[in-house]
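Structure, as structure tokens:
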Amino acid sequence: MANVIKLRKGLDINLKGKAAEEKATIKSTGVFALVPDDFVGVKPKLVAKEGDDVKAGGVLFVDKKHPEVKFVSPVAGKVSLVERGDRRKVLSVQVTSAAQQEYVDFGVKNVAGLNGEEVKTALLDAGIFAFFRQRPYDVTPNPEVAPKDIFVSAFSSMPLAQNFEFALKGNEADFQTGLDALAKMAPTYLGVSAKQSAAALTGAKNVTVTVFDGPNPAGNVGVQINHVSPVNKGEVVWTVNPEVVIFIGRLFNTGHVDFTRTIAFAGSEVKAPKYVTMLVGQQLTTLVEGQISTDKHVRIINGNPLTGIKACKDSFLGAQATEVTVIPEGNETHELFGWIAPRFNQFSASRSYFSWLMPKKEGYVLDARVKGGHRHMIFSGEYDSVFPMDIYPEQLMKAIITGDIDKMEQLGIYEVAPEDFAVAEFVDSSKVELQRIVREGLDMLRKENE
Amino acid sequence: MAFIKNILDNMKPTFSEGGKLSAFGSLFDAMETFFYVPNETSKAYGAHIHDAIDSKRGIFFVIIAMIPAILFGMWNIGQLHYAAINEESSLVLNFLYGLGVMLPKIIVSYAVGLGIEIAIAQVKKEEVHEGFFVTGMLIPLIVPVNCPLWIMAIATAFATVFAKEVFGGTGMNIFNPALVTRAFLFFAYPAMMSGDKVWVNQNYMDSIVGPSADAYTMATPLGQLGAGEAVSYDAMDTIIGTIPGSIGETSFVAIMIGAVILIWAGIASWKIIVSTFVGGALLAYVCTPEVAGFEWWEHLTVGGFAFGAVFMATDPVTACRTECGKYIYGFFIGALAIIVRAFNPGYPEGMMMAILMGNLVAPLIDYCFVQSNINKRLNRAK
Numbered sequence: 001m002a003n004v005i006k007l008r009k010g011l012d013i014n015l016k017g018k019a020a021e022e023k024a025t026i027k028s029t030g031v032f033a034l035v036p037d038d039f040v041g042v043k044p045k046l047v048a049k050e051g052d053d054v055k056a057g058g059v060l061f062v063d064k065k066h067p068e069v070k071f072v073s074p075v076a077g078k079v080s081l082v083e084r085g086d087r088r089k090v091l092s093v094q095v096t097s098a099a100q101q102e103y104v105d106f107g108v109k110n111v112a113g114l115n116g117e118e119v120k121t122a123l124l125d126a127g128i129f130a131f132f133r134q135r136p137y138d139v140t141p142n143p144e145v146a147p148k149d150i151f152v153s154a155f156s157s158m159p160l161a162q163n164f165e166f167a168l169k170g171n172e173a174d175f176q177t178g179l180d181a182l183a184k185m186a187p188t189y190l191g192v193s194a195k196q197s198a199a200a201l202t203g204a205k206n207v208t209v210t211v212f213d214g215p216n217p218a219g220n221v222g223v224q225i226n227h228v229s230p231v232n233k234g235e236v237v238w239t240v241n242p243e244v245v246i247f248i249g250r251l252f253n254t255g256h257v258d259f260t261r262t263i264a265f266a267g268s269e270v271k272a273p274k275y276v277t278m279l280v281g282q283q284l285t286t287l288v289e290g291q292i293s294t295d296k297h298v299r300i301i302n303g304n305p306l307t308g309i310k311a312c313k314d315s316f317l318g319a320q321a322t323e324v325t326v327i328p329e330g331n332e333t334h335e336l337f338g339w340i341a342p343r344f345n346q347f348s349a350s351r352s353y354f355s356w357l358m359p360k361k362e363g364y365v366l367d368a369r370v371k372g373g374h375r376h377m378i379f380s381g382e383y384d385s386v387f388p389m390d391i392y393p394e395q396l397m398k399a400i401i402t403g404d405i406d407k408m409e410q411l412g413i414y415e416v417a418p419e420d421f422a423v424a425e426f427v428d429s430s431k432v433e434l435q436r437i438v439r440e441g442l443d444m445l446r447k448e449n450e
Numbered sequence: 001m002a003f004i005k006n007i008l009d010n011m012k013p014t015f016s017e018g019g020k021l022s023a024f025g026s027l028f029d030a031m032e033t034f035f036y037v038p039n040e041t042s043k044a045y046g047a048h049i050h051d052a053i054d055s056k057r058g059i060f061f062v063i064i065a066m067i068p069a070i071l072f073g074m075w076n077i078g079q080l081h082y083a084a085i086n087e088e089s090s091l092v093l094n095f096l097y098g099l100g101v102m103l104p105k106i107i108v109s110y111a112v113g114l115g116i117e118i119a120i121a122q123v124k125k126e127e128v129h130e131g132f133f134v135t136g137m138l139i140p141l142i143v144p145v146n147c148p149l150w151i152m153a154i155a156t157a158f159a160t161v162f163a164k165e166v167f168g169g170t171g172m173n174i175f176n177p178a179l180v181t182r183a184f185l186f187f188a189y190p191a192m193m194s195g196d197k198v199w200v201n202q203n204y205m206d207s208i209v210g211p212s213a214d215a216y217t218m219a220t221p222l223g224q225l226g227a228g229e230a231v232s233y234d235a236m237d238t239i240i241g242t243i244p245g246s247i248g249e250t251s252f253v254a255i256m257i258g259a260v261i262l263i264w265a266g267i268a269s270w271k272i273i274v275s276t277f278v279g280g281a282l283l284a285y286v287c288t289p290e291v292a293g294f295e296w297w298e299h300l301t302v303g304g305f306a307f308g309a310v311f312m313a314t315d316p317v318t319a320c321r322t323e324c325g326k327y328i329y330g331f332f333i334g335a336l337a338i339i340v341r342a343f344n345p346g347y348p349e350g351m352m353m354a355i356l357m358g359n360l361v362a363p364l365i366d367y368c369f370v371q372s373n374i375n376k377r378l379n380r381a382k
């Protein structure tokens, strides 16, 4: 029986517009793109030029520091645009898909017969290693440093998040192959939710399964690492999105890359929230056109409303995004006397509102407003109540804000990623941008140490 | 209500950078956010949805929690006055008399404090923070009724500038500004803050409504204890609060209603409130000398103990910020307040000093808990 870890702290946010468990397919032609910024910490060095023909799995760019980390095209077609921003920074590498899909052949391999180094090389060559993340710093890993452990969280507890158990259906064999491959490189831990019962998860082989029972952010891999085997200074842990584990399985079982993932298309402004099969890098127009409200300003998010990135119709499905959510922007709303009005339709973790008394079963419609002025940290215990890790979140934040590197290290910055502070950022009455600050702190430390 | 929006939108250019009245920009900003929830939306990176709570809502819940104590304090001013001049009175009359005495105090406290805050916010080009709304209401509640307005104004100005703004404003101060106001009064104008002549109103209201209680003396229970006299109030008086004392502190019942609101809404830490009472009760039981007619637990219902424990010790900015630290912080304050009462003959009430001392050691308590977390992490790495 798997070890069960109960978590008490956290907050589940019930939003309206959860994806119905039915799979839809949409046309998968047009423009696809890899966005280097999705792979945090990577400096792209272009390999493909505009006008080149690439196959699916063909290299588009590599990491300047570690050229063995390759970033490959999700589709076959012609490199149509290298979009650049300030100081010629590469914003995206776009590929217009060809009518006939051709794949780079990496060869079918039996994982059981490979060693860790061979698995790693195969993943690097096929551009799948690029999807990994490492703690510390929550960046694309340095392939030269062997990890202590590899962690996979098989669920997300974020609002409107994809139900991985549903997305897993039909991919069980690939998922297990992926886990087998990871286990070749380092001891691998799979975090499973207490609500999940699929045999492919609870009965996964070659990995240590741990069951997590608790509110959001229990599904965050960082929380799971903290409870199972915390990261110490000098240690490296890789984290892998469960969708990426399926990619790995497909690579070894079919011999070519297939970046298809089942994403949740959800949110109160989506007409019919459901699951959709999309390719990484697919343009969001193909998904949202005609499917979202047009009577008000809306915000399209690449990811869930707590950790995702603001997008528009022309954006591309993010490398780590397992959902696309659409919520009201809210900038047309003018609420009178918000500080004292009862505001029955508002959701709050605080009892100064009434959502604790009369929860809305179907979920709340929350818009993108910050809903308050930015302040210094005033009320105490807010972060702590939703931060299920053995870390003092407020003190860590203050260390980052003051740029105190020693304190950051001592208070456990190596163990966290911005997403771990997402719920704290939600409940914060002082409206501090915690995730941005944590990202800056991690970057500061990485620069210092490398 | 669209007309408010229209008025504000019309005024906005005048107060914005480059407008005629841009010097009052932060005042306009405060007005605007007072009426409307700001509709600034989240940035591209980070949480896109936010809890409906903001610091304004939290702060105003504290004021709501103070309302029972404020109303009772007003009534008690009238009640004590009419009792002193031996005149019949009614509930309404008592209350109206008290309202007449209290209103100028509240107005002076807010005008002085908010005036300074707005001016400084303007200089720093920041929004006006709402923290002073609580401080400004606390100040009239923790002074004796006879404290002159000009003295209160000086003390408020001192505390706002030197206890709060020099540290960086709301959220950055080390000491509770309302208590610094009181400490300033206590040391600068001791005759106005204690003794037996300050608890029954003797100022301008009497020239409006009739005979004055001039030269009427009335001692608080703690004053009597400190002087070694028998306490002339029974326990019920001290619980309901019909006794002399600083305006908001007398009614244990009214304060406890506030405590329930604060704890219920999750605005104040129940850990601090409970541990303060536990600390006080323990020390009162162990240390205080027996006085005829005064039980040890009555220490918790007289003086500023309950008011301090509920409204002042729980100030999140100056209290401990680690959850475990809050227990120690509260216990320390409760215990110290009673130790001062029991062992310092020249100083009948110790709550103010105890909380200020608590504010002083709060960072040290936090340091110990944070350091133990750090040590755990260091040991793990070995």
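Each protein sequence line maps, in turn, to chains L and E.
Sequential numbering from 1 applies to the first sequence in my numbering.
Sequential numbering from 1 applies to the second sequence in my numbering.
The beta carbon of each residue, even a glycine, is placed where N, CA and C say it ideally should be.
query, result
"Output the distance between the C-alpha atoms of L/P215 and E/R377, rounded to the nearest integer angstrom.", "25 Å"
"Taking the continuous beta strand (DSSP E) assigned at E/V317, which residues delimit it?", "Element bounds for E/V317: n/a, residue is neither H nor E."
"Does L/D384 have its Cβ less than 8 Å from a Cβ in chain E?", "yes"
"Please compile the residues from chain E whose C-beta is within a distance smaller than 7 Å of the C-beta of L/H334.", "K5, Y36 and N39"
"Quick one: using the 10 Å Cβ neighbour count with 16 as the cut-off for buried, is L/D12 buried or exposed?", "exposed"
"List, in order along the chain, the chain E residues whose C-beta lies closer than 9 Å to that of L/H227?", "Per Cβ cutoff of 9 Å: no residues; L/H227 is ~13 Å from chain E at best."
"Give the interface partners of E/M172 over in chain L, defined as CB-CB distance under 7 Å, in chain order.", "H376"
"Going by other Cβ atoms of all chains shown within 10 Å of its Cβ, with 16 needed for buried, is E/F343 buried or exposed?", "exposed"
"Could you compute how far the alpha carbon of E/S90 sits from the alpha carbon of E/G241?", "17 Å"
"Using a Cβ-Cβ cut-off of 8 Å, state whether E/P177 counts as contacting chain L.", "no"
"Which residues in chain L sit within 8 Å of E/H455, going by Cβ to Cβ distance?", "In this structure chain E extends from 1 to 382, so residue 455 of chain E is not present and cannot be described."
"Would you identify the three-state DSSP class for E/S26, choosing helix, strand or coil?", "helix"
"Taking C-alpha atoms, which residue in E/T314, E/S26, E/E349 and E/A381 lies nearest to E/N359?", "E/T314"
"For L/L442 and chain E, any beta-carbon pair shorter than 8 Å?", "no"
"Name, going along the chain, the residues of the stretch 315-338 of chain E whose beta-carbon falls closer than 9 Å to a beta-carbon of chain L.", "P316, V317, A319, C320, R321, T322, E323 and K326"
"Among the residues of its own chain, which have a CB less than 6 Å from the CB of E/K105, if the five just before and after it don't count?", "P140"
"Are the C-beta atoms of E/W264 and some chain L residue less than 8 Å apart?", "yes"
"Taking only beta carbons into account, state which residues of the stretch 357-379 of chain E come closer than 7 Å to chain L, listed in chain order.", "V370, N373, I374 and R377"
"Are there three or more Cβ pairs, one per stretch, closer than 8 Å when the stretch 25-45 of chain E is compared with the stretch 114-122 of chain E?", "yes"
"Measuring straight from C-alpha to C-alpha, what distance separates L/L124 and L/G222?", "24 Å"
"Contact check, E/I53 vs L/L366 under 8 Å by CB: the rounded distance?", "Contact doesn't hold; Cβ gap of about 13 Å is too wide."
"At least one CB of chain L closer than 8 Å to the CB of E/S232: is that the case?", "no"
"Taking 8 Å as the CB-CB cut-off, is E/T276 touching chain L?", "no"
"Kindly list, in the order they appear in chain E, the residues whose Cβ is closer than 9 Å to that of L/Y137.", "Simply none; closest approach about 16 Å."
"Please list the partners that L/S352 has in chain E, where partner means a Cβ-to-Cβ separation under 8 Å.", "I53, R57, G58, F61, A265, G266 and I267"
"Got a sec? Which residues, its chain only, sit under 6 Å from E/C320 by beta carbon, not counting five neighbours each side?", "K326, Y329, A362, I365 and D366"
"Along chain E, which residues have their Cβ under 8 Å away from the Cβ of L/Y189?", "Simply none; closest approach about 17 Å."
"Between the stretch 144-164 of chain E and the stretch 108-117 of chain E, can you find at least three pairs of beta-carbon atoms closer than 8 Å?", "yes"
"Would you check if the stretch 406-422 of chain L and the stretch 434-445 of chain L touch, i.e. whether three or more CB-CB distances between them fall below 8 Å?", "yes"
"To the nearest angstrom, how far is the alpha carbon of E/I339 from that of E/I273?", "18 Å"
"DSSP beta-bridge partners for L/D213?", "L/K6"
"Give the DSSP-derived three-state secondary structure of L/D258 in the structure shown.", "coil"
"Can you tell me the Cα-Cα spacing of L/V82 and L/S28, whole angstroms?", "21 Å"
"Hey, which unbroken runs of the beta strand (DSSP E) at 3 residues or more fall wholly within the stretch 119-153 of chain L?", "133-135 and 149-153"
"Determine the direct distance from the alpha carbon of L/F316 to that of E/K20, and round the result to whole angstroms.", "47 Å"
"For the alpha helix (DSSP H) containing E/A381, name the first residue and the last one.", "M351 to A381"
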